[in-house]
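Taking it in order: structure first as structure tokens, then the write-up.
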Amino acid sequence: MTLTVIRGGRYDRLMAMLPSPARAMTLEEIQAERDDVLEALREGGVILVHSNELDCFLGVLTRDPSVLGDAELAQQIEAGHLPPLDVLLQDPGVDETQPA
Amino acid sequence: MRTVIAPLEPVVERQLAALDGPLCEVALGYVARLRMEPYLGHLLRRGLLGSYDVRAVYFDQESRPRELLGEHRGPLRLASDDPSAGPRYRVVYRIAEAPMAGVRMVRVLAVGEGHPSPGSEGAYRDAERLLRDQIKSDQERRKR
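Here the protein sequences come in this chain order: U and F. Residue numbers for the first sequence, in the numbering used here: 1 to 100. Residue numbers for the second sequence, in the numbering used here: 1001 to 1144.
In structure tokens, the structure reads:
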């Protein structure tokens, strides 16, 4: 049997189903601490991204699979690396047998 | 969710064409198998490929990608074997699950030797180069 102790604030965040860890960082900080940032994002965390001068909130950095895959697919299609979605789905190799 | 194999990049088609005939057939067999088993390959953890959660399938001429069960599931390496004695070739690929679009996209990034002899690049380097080239071409496209 394995027991895991989850302390105070982290327990509360997990129970609230909120992403954790959640941090506010500037672009410079993200670049300087990118290994830690990547690890935090992989754990299910989020980063609220600000400009270096803290004069602009840019958005949220996440690796949430429900966002990441759609974002990547859209970017690949917009950049011309993949054909449009309706063309992709006409591919005879498409497998519709797998559950979601 | 639909699983789609993205059209092969011209550079990947050239890598396939450079393989010996039987090896090319095995590689294409694994690409086809990814439709049924997209998570077949092991996850890479280091460098650019690691940050993209890229995967790799190992294969050799003796591999039988269309045999999912039975005695020929794939070459096995025992703990007592030389670590360099395993399958030499790789299919390096990336999965993007897009729930809003209802698509699980499998993109093959490179096919070839994993760790070739000095002087040639290998599939991992080729996959990195493809990702970097695409990022650079997007940057140039935005500047225009």
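Note that CB positions come from ideal geometry on N, CA and C, so glycine has one too.
Item: Just the Cα atoms here: how many angstroms apart are residue 1019 (chain F) and residue 1039 (chain F)?; Value: 24 angstroms
Item: Let me know if residue 2 (chain U) comes out buried or exposed under the rule of 16 or more other beta-carbons within 10 Å of its beta-carbon.; Value: exposed
Item: I'd like to know if residue 65 (chain U) contacts chain F, where contact means its C-beta is closer than 8 angstroms to some C-beta of that chain.; Value: yes
Item: At which residue ranges does the stretch 53-95 of chain U contain complete beta strand (DSSP E) runs of 3 or more residues, listed in the order of the chain?; Value: 57-62
Item: Look at the alpha carbon of residue 27 (chain U) and the alpha carbon of residue 1029 (chain F), and state the distance between them as a whole number of angstroms.; Value: 43 angstroms
Item: Name, in chain order, the residues that DSSP records as bridge partners for residue 1005 (chain F).; Value: F:1106
Item: So, helix, strand or coil for residue 1089 (chain F), using DSSP?; Value: strand
Item: Determine whether the Cβ of residue 1002 (chain F) lies closer than 8 angstroms to any Cβ atom of chain U.; Value: yes
Item: Find the nearest neighbour of residue 947 (chain F) within the set F:1064, F:1044 and F:1049, judged by alpha-carbon distance.; Value: The structure shown does not extend to residue 947 (chain F), since chain F is modelled only from 1001 to 1144, so the question has no answer here.
Item: Answer with buried or exposed for residue 60 (chain U), where buried requires no fewer than 16 other C-beta atoms within 10 angstroms of its C-beta.; Value: exposed
Item: Could you check if residue 100 (chain U) is buried or exposed, using at least 16 other CB atoms within 10 Å of its CB as the buried criterion?; Value: Because the pLDDT of residue 100 (chain U) is 42, which lies under 50, any placement of that residue in the model is unreliable, and the number read from its coordinates should be weighed accordingly. By the 10 Å Cβ count, residue 100 (chain U) comes out exposed.
Item: Consult DSSP for residue 23 (chain U) and reduce its assignment to one of helix, strand or coil.; Value: strand
Item: The stretch 2-22 of chain U: which residues have C-beta closer than 7 angstroms to a C-beta of chain B, in chain order?; Value: Note that chain B does not occur in the displayed structure, where the protein chains are U and F.
Item: Quick one: list the residues of chain F neighbouring residue 72 (chain U), beta-carbon separation under 7 angstroms, in chain order.; Value: 1096
Item: Can the beta-carbon of residue 21 (chain U) be found closer than 8 angstroms to that of residue 43 (chain U)?; Value: yes
Item: Run the CB neighbour count on residue 57 (chain U), radius 10 Å, all protein chains shown included, and call it buried at 16 or more, exposed below.; Value: exposed
Item: Give me the chain U residues within the contact set of residue 1080 (chain F), using Cβ-Cβ distance strictly less than 9 angstroms, ordered along the chain.; Value: The contacting residues do not exist; residue 1080 (chain F) stays about 31 angstroms from chain U at best.
Item: For residue 50 (chain U), count neighbouring C-beta atoms within 10 Å of its own C-beta (all shown protein chains included) and say buried if the count is 16 or more, exposed if not.; Value: buried
Item: Buried or exposed: where does residue 1072 (chain F) fall if 16 or more other Cβ atoms within 10 Å of its Cβ makes it buried?; Value: A caution first: residue 1072 (chain F) carries a pLDDT of 49, below 50, which makes its placement in the model too unreliable to give a value.
Item: Less than 8 angstroms between the C-beta atoms of residue 1123 (chain F) and residue 1090 (chain F), yes or no?; Value: yes
Item: Would you kindly work out how many angstroms separate the C-alpha atoms of residue 33 (chain U) and residue 1114 (chain F), rounded to a whole number?; Value: 30 angstroms
Item: Which stretch, first to last residue, makes up the beta strand (DSSP E) that contains residue 1016 (chain F)?; Value: No beta strand (DSSP E) holds residue 1016 (chain F); the alpha helix (DSSP H) holding it covers 1010-1018.
Item: If you draw a straight line from the alpha carbon of residue 25 (chain U) to that of residue 1126 (chain F), how long is it in whole angstroms?; Value: 33 angstroms
Item: Locate the beta strand (DSSP E) running through residue 1030 (chain F), then write down its first and last residues.; Value: From DSSP, residue 1030 (chain F) is part of no beta strand (DSSP E) but of the alpha helix (DSSP H) over 1021-1033.
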